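J.: This is the structure I have questions about; it appears just below.
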């Protein structure tokens, strides 16, 4: 955490000084977010960090969520939480999924179950964060706190629903216009919420599977009819089932299946319970299923173990279905500027058992947030906004395909003997888990080449940072103060690009070194993206944040001899920033150059987007290519003004 | 974190349900704490956790501290913060002291300085926590939040000063009496604070070097006259001194010395600057030293580096002095019950440079807090309270001796050449640092044998857990959910004793094993301390919390086959507690049995006090010795009632 740059101040450094108009609720906004679920909150939190943007977020419910349905938090989402500064709090409070156990009918006594397999849940080294389980409402709490502490003091307006949404097509392609009009109505007149008409540059529908925003832009969720029913319940139970604190997949002989997801706090557990297949035209609501039926089913499946439910915290029944919109914004093709977006459950729904829904949805918001900020702040060409639907619709399609397979796999019965042709081989299960672990962890997502993701010509220089995938953090030691830390944790949710310059062999403080010459280019060359895109009065790292990583240990090189661009003067006092240079962690033996396959002889540039995805890998001397990449979508102040005029 | 035991509840699990009388401010109290500095806050936080105790804390200042002088937080204090649940927040916000660099006059050019040595600040493995630097006010904030979130919702009463304190000697030894009367007066009538007379069972003076409580009980700080003056300033400065983000000891040729302590946030630094020797009868106040003089001195000492101060956040001048009270309570000998205690700066003062003041003071509060709670809750013999002064006065004496030596060492000039007979050899410095690192980290403190610390007869069974020293945490894996964690982190600030049973060789689930037989004894034997001292309606771990550590990996043994006492039913529903059994972390290679020298063949019992100090090491079959140890100071309910009658 860096603070006190513009003067010492007392109190909690996570609480930012309020902007002059903080907490106001104008009707003319840059962005209107409809829905304060996890998707809307990621987006709102991301945008709340910019005092120069005007953002509103409205919610139908009458207050913050206290009890949520989603609970699985993938490693990748924890990495995103780290960018918002609260991954540690989730880690502390959550249940950690470390192992998965598999239970099957006992061949000696098929009416009872035995454990036949255990698998580590997340493969070693996949992420520095665990896969955890925490009530969605707590995740909301952390985002809401982040927003309250931001310079804009953003809070949702509750008890408001979207009544009408229109786009003035005559002004759609005028970047300076607010062509979207949203009419909001109080859900309940007694709530005190008032009807209001909002004029927005952009509107984002994060309003769930029954999205009004989606309806307004004429898009539809398409996909499978749901014909498999599951029950889910969060319970406090007394049981002698020994794996009640492990994620456990249990297949009984004739009573169906259970997935046990232990919950935070040490006592609570979630059970997903397979119900009968539904008929093609039957809905689960018509079954009149009660929680007592769910409990009875769990007891039958878990035999010979007893399972006495003391308290049901929450329960529900649902049908499995995978549905998807074909596009996540309100234009066809790329000739017109999208003005309305949909994100999260509004454009894709999955089964909950793979623990993907909330995670994929939050990352929709993370993908869109920095892009909207960059366009609205005049840093980037509005055409960049097309990339949101391109990137996220593709991800959603992949996930829906995965989810379909996952749900099928989970319902399959494990092989009970070598002669059992219908069952799935336990070894098959294990292979499946390892293979798909990266997928469920959220770390396998890869955006294809585009204006925002370079060609993989130089991927060999940094094989562990695949283009289009999230920047995979690794340990380093900060040179100036010898602090062991994670390099990826410098990528905060502040809308900035990070340029990691991994030095090649030799002295990084020599003026002939690739690192020094890159710094010279970035500092002095008129084509340098730092020179072209950093506003005149801003800190040199305000738009593109250069960080160097050297191969030497922290005792083997000198901070004071690093290129001046790596010791930049910032803020009103011109204080030096001491946090730009990192060393390989030679003591722990976890050397980032080895761990991430950096070419030691040549070094590499790894460019990381504000949402932590790798945008480009280039040689240290590819100065023109770097400049050209940014020139593909960034705007100088002059260009931005010209575009808005 | 364990929660939901007595039913699912929404919201932040760190916020406890309020007790019926939470937030009330009665004038008849169990404990009155005078002073809300770090000492008073540790004590108040510890006591706030018990809804059955009535506690008040009063403070002369008109509100919480916003800018504190103390900033060094030793590893041992971080371990204590972990018990209160906020070590992670301090870790995130603080500066980490990783290295110390030493600078001396350049032999080639003695008017300028060069770096001649660097030393790792904390030796590897000393603690799982770093040595950090953070504004004292933030530490206060975390304790105040803990208190606000506690069942008692304890908050300090500000703007009140102690006017008079008396003890009714006729009732001193009646445990049920409130023999201490404290008259409180508003510091400023405009504050709204009201004069009040408090009747207390116990009063603790945490009211600093000018303690009114100390004066009232007639004790005096005795020690050296201060004749060495130092200046201290927290500054935002522009400098090319390359180690401004390292703890640095700088000795110039003729301009004096500086100790640089980098501060949190990346830009702020504290400088301790040696001023001239004072005359014997001179006080620093008479010197009229200005901050400009301090800055000019720093500039001269740091030559050839420039040092331009942009903002002074805080500055002061002080004299070094070490002073100590001979006893920390209000009785001589042990015939009468102590009713008034003093803690922290009220009974010992040091120089600030060793970073000990706040740390030692907080641990005074931690030592006293659980003892007062145990006595007031009828668990322990009031005579146990004598151990507070015994234990902490000895520690303070050791620290004062250390501080005197440390201050001298720091003022000494480093050897500039082999012929320099007056200077200190750099190698000597390094040896000194390594030797005293454990001392400054706070991990070297060892309480001597007493009713609370057993004899070291069986120390060989667990050489890494020295009797009387703090329990040195090590990694383990929790059996029920395969979570890698630190064993020491189960020792929370909840007033409970922890009995760690390290299993010997063999199957820990076999009824002939030492672990099983210990559990049998604890569960069933009338002499068992669990049976004798646990209230009838309380959970089995309410007073003594048994935890087992086995040598097997978590996949090699079965939770469900552990002794039932290790799977205790708790709370209103009788839910099982799944967090009592741990395994060696065979995967990380950090095996607690090896790391802490546990006798693998025989195993060991390691008994840990509520303040994390090791009370006893015993063989697993030393059932009678264990019972006898507790019988030395614990009270059954019947005994407690008889004593109070």
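Residue numbers (my numbering), protein chains in the order written: chain A, 863 to 1507; chain B, 863 to 1507. Quick reminder that beta carbons are idealized off the backbone N, C-alpha and C, glycines included. These figures come from a predicted structure and were not determined experimentally.
Just the chain A side, please: which residues come within less than 8 Å of residue 872 of chain B by C-beta, in chain order?
T.: Here residue 872 of chain B is taken as the residue at index 10 of the second chain, counted from 1. The contacting residues are 928, 929, 997, 999.
J.: Strictly below 8 Å CB to CB, what residues from chain A border residue 1409 of chain B?
T.: Position 547 of the second chain holds residue 1409 of chain B. None at all; the shortest Cβ gap to chain A is about 14 Å.
J.: With a threshold of 8 Å on Cβ separation, who are the neighbours of residue 1433 of chain A within its own chain once the five nearest residues in sequence on each side are excluded?
T.: If you number the first chain from 1, residue 1433 of chain A lands on position 571. Within the same chain, residue 1433 of chain A has close Cβ partners 867, 868, 1401.
J.: Please report how far the alpha carbon of residue 1300 of chain B lies from the alpha carbon of residue 1482 of chain B, in whole angstroms.
T.: On the second chain, position 438 is the one that residue 1300 of chain B refers to. On the second chain, position 620 is the one that residue 1482 of chain B refers to. For residue 1300 of chain B and residue 1482 of chain B, the distance between alpha carbons rounds to 30 Å.
J.: List, in chain order, every chain B residue whose beta-carbon is nearer than 7 Å to that of residue 1515 of chain A.
T.: This structure cannot speak to residue 1515 of chain A, because chain A is shown only from 863 to 1507.
J.: Between residue 1121 of chain A and the rest of its own chain, which residues show a CB-CB distance below 8 Å, the 5 nearest in sequence each way excluded?
T.: The sequence position of residue 1121 of chain A within the first chain is 259, counting from 1. Around residue 1121 of chain A: 1109, 1110, 1111, 1112, 1133, 1134, 1215, 1272.
J.: Give me the subset of the segment 974-990 of chain B whose CB atoms are less than 8 Å from a CB atom of chain A, sorted by chain position.
T.: Those would be 980, in chain order.
J.: Using a Cβ cut-off of 8 Å (strictly closer), state whether residue 954 of chain A contacts chain B.
T.: Along the first chain, one-based indexing puts residue 954 of chain A at 92. Yes - at least one Cβ of chain B is within 8 Å of the one on residue 954 of chain A.
J.: Hey, how far is the Cα of residue 1118 of chain A from the Cα of residue 1137 of chain A?
T.: Locating residue 1118 of chain A in the first chain gives position 256, where the first residue counts as 1. Locating residue 1137 of chain A in the first chain gives position 275, where the first residue counts as 1. So the alpha carbons of these two residues sit roughly 7 Å apart.
J.: Where does residue 1340 of chain A sit, in a helix, a strand or coil, going by DSSP?
T.: Residue 1340 of chain A sits at position 478 when you count from the first residue of the first chain. Residue state, collapsed to three classes: strand.
J.: What is the rounded straight-line gap between the Cα of residue 1408 of chain B and the Cα of residue 874 of chain A?
T.: Taking the first residue of the second chain as 1, we reach residue 1408 of chain B at position 546. Taking the first residue of the first chain as 1, we reach residue 874 of chain A at position 12. Computed Cα separation, rounded: 38 Å.
J.: Out of A:1059, A:1091, A:1082, A:1349, which has the shortest C-alpha to C-alpha gap to residue 1181 of chain A?
T.: Locating residue 1181 of chain A in the first chain gives position 319, counting from the first residue. Of the candidates A:1059, A:1091, A:1082, A:1349, the one whose C-alpha sits nearest the C-alpha of residue 1181 of chain A is A:1091.
J.: Any C-beta of chain B sitting closer than 8 Å to the C-beta of residue 1011 of chain A?
T.: On the first chain, residue 1011 of chain A is found 149 positions in, with the first residue counted as 1. Output row for residue 1011 of chain A: interface = no.
J.: Within its chain, find whatever has a CB closer than 6 Å to the CB of residue 915 of chain B; leave out the 5 residues flanking it on each side and keep chain order.
T.: As a position in the second chain, residue 915 of chain B is number 53, starting the count at 1. 892, 909, 1238.
J.: For residue 1312 of chain B, collect the residues of the same chain with a Cβ closer than 8 Å to its Cβ; drop the 5 residues on either side in sequence, then sort them by chain order.
T.: Against the second chain, residue 1312 of chain B aligns to sequence position 450. For residue 1312 of chain B, where only same-chain residues beyond five positions count, the Cβ hits under 8 Å are 1249, 1252, 1253.
J.: Quick one: is the Cβ of residue 1338 of chain A within less than 7 Å of any heavy atom of the ligand GDP?
T.: Among the components of this structure there are no ligands whatsoever, and the ligand GDP is therefore not found.
J.: Are residue 1443 of chain B and residue 1349 of chain B close, meaning C-beta to C-beta below 8 Å?
T.: Position 581 of the second chain, counted from the start, is the residue given in the question as residue 1443 of chain B. Position 487 of the second chain, counted from the start, is the residue given in the question as residue 1349 of chain B. No, the pair does not count as a contact, with Cβ atoms beyond the cut-off.
J.: Using a C-beta cutoff of 8 Å, does residue 1440 of chain B count as contacting chain A?
T.: For the purposes of this step, residue 1440 of chain B is identified with residue 578 of the second chain, where counting begins at 1. Yes, residue 1440 of chain B lies at the interface with chain A (some Cβ there is under 8 Å from its Cβ).
J.: Can you pull out the residues from the segment 1401-1429 of chain B whose beta carbon lies closer than 7 Å to at least one beta carbon of chain A?
T.: The residues in question are 1417, 1420, 1421, 1422.
J.: Is there at least one Cβ from chain B nearer than 8 Å to residue 961 of chain A's Cβ?
T.: As a working mapping, residue 961 of chain A is identified with position 99 in the first chain. Yes, contact with chain B.
J.: Are any of the Cβ atoms in chain A nearer than 8 Å to that of residue 1342 of chain B?
T.: Against the second chain, residue 1342 of chain B aligns to sequence position 480. Yes, residue 1342 of chain B lies at the interface with chain A (some Cβ there is under 8 Å from its Cβ).
J.: Quick check: is the beta carbon of residue 1052 of chain A nearer than 8 Å to any beta carbon in chain B?
T.: Position 190 of the first chain, counted from the first residue, corresponds to residue 1052 of chain A. With 8 Å as the cut-off, residue 1052 of chain A does not count as an interface residue toward chain B.
J.: Taking only beta-carbon positions, decide if residue 1189 of chain A is within less than 8 Å of chain B.
T.: As a working mapping, residue 1189 of chain A is identified with position 327 in the first chain. No - not a single Cβ of chain B is within 8 Å of the one on residue 1189 of chain A.
J.: Closest Cβ-Cβ distance between residue 1299 of chain A and chain B: below 8 Å?
T.: Here the question's residue 1299 of chain A lines up with position 437 in the first chain. Closer than 8 Å: no.
J.: Return the CA-CA distance between residue 1083 of chain A and residue 1415 of chain A, expressed in angstroms with no decimal places.
T.: Taking the first chain and counting its residues from 1, one reaches residue 1083 of chain A at position 221. Taking the first chain and counting its residues from 1, one reaches residue 1415 of chain A at position 553. If you take the alpha carbons of residue 1083 of chain A and residue 1415 of chain A, they lie about 54 Å apart.
J.: Indicate the three-state DSSP secondary structure (helix, strand or coil) for residue 1482 of chain A in the structure shown.
T.: Here residue 1482 of chain A corresponds to residue number 620 of the first chain, with the count starting at 1. DSSP places residue 1482 of chain A in coil when its eight states are reduced to three.
J.: For residue 1356 of chain A and residue 1224 of chain A, I'd like the C-alpha separation in whole angstroms.
T.: The sequence position of residue 1356 of chain A within the first chain is 494, counting from 1. The sequence position of residue 1224 of chain A within the first chain is 362, counting from 1. Taking the straight line joining both Cα atoms gives about 16 Å.
J.: Counting contacts by CB-CB distance shorter than 8 Å, is residue 1282 of chain B in contact with chain A?
T.: Stepping through the second chain from its first residue, residue 1282 of chain B is reached at position 420. Taking Cβ atoms only, chain A never reaches closer than 8 Å to residue 1282 of chain B, which makes this a no.
J.: Could you tell me the distance, in whole angstroms, from the CA atom of residue 1156 of chain A to the CA atom of residue 1426 of chain B?
T.: Residue numbering aside, residue 1156 of chain A sits at position 294 when the first chain is read from its first letter. Residue numbering aside, residue 1426 of chain B sits at position 564 when the second chain is read from its first letter. Distance between the alpha carbons of residue 1156 of chain A and residue 1426 of chain B is about 29 Å.
J.: Would you please state the rounded distance, in angstroms, between the beta carbons of residue 1367 of chain A and residue 1463 of chain A? I believe it to be under 8 Å.
T.: Residue mapping note: residue 1367 of chain A aligns to position 505 of the first chain, counting from 1. Residue mapping note: residue 1463 of chain A aligns to position 601 of the first chain, counting from 1. That pair is a contact at about 5 Å.
J.: State the CB to CB distance for the pair residue 1107 of chain A and residue 1343 of chain B, rounded to an integer number of angstroms; the pair is presumed to be in contact (CB under 8 Å).
T.: Here the question's residue 1107 of chain A lines up with position 245 in the first chain. Here the question's residue 1343 of chain B lines up with position 481 in the second chain. Correct: roughly 4 Å between the Cβ atoms.
J.: Can you give me the start and stop residues for the beta strand (DSSP E) that residue 957 of chain B sits inside?
T.: Here residue 957 of chain B corresponds to residue number 95 of the second chain, with the count starting at 1. 957-959 is the span of the beta strand (DSSP E), which, as asked, contains residue 957 of chain B.
J.: Looking at C-alpha atoms only, which residue of B:1370, B:1484, B:1191, B:1052 is the closest neighbour of residue 1420 of chain B?
T.: By 1-based counting over the second chain, the position of residue 1420 of chain B is 558. Checked all of B:1370, B:1484, B:1191, B:1052; the closest Cα to residue 1420 of chain B is B:1370.
J.: Identify each residue in the segment 1106-1137 of chain B for which the Cβ-Cβ distance to at least one residue of chain A is less than 7 Å, and report them in chain order.
T.: Result list: 1107, 1108, 1124, 1127, 1128, 1129, 1130.
J.: Would residue 1040 of chain A and residue 1061 of chain A be called neighbours here (beta carbons separated by less than 8 Å)?
T.: Taking the first chain and counting its residues from 1, one reaches residue 1040 of chain A at position 178. Taking the first chain and counting its residues from 1, one reaches residue 1061 of chain A at position 199. Against a cut-off of 8 Å, the Cβ pair of residue 1061 of chain A and residue 1040 of chain A comes out as a contact.
J.: From this set, A:965, A:1190, A:1282, A:1222, which residue's C-alpha is nearest residue 1164 of chain A's C-alpha?
T.: The count along the first chain starts at 1 and reaches residue 1164 of chain A at position 302. Here the closest residue by C-alpha is A:965.
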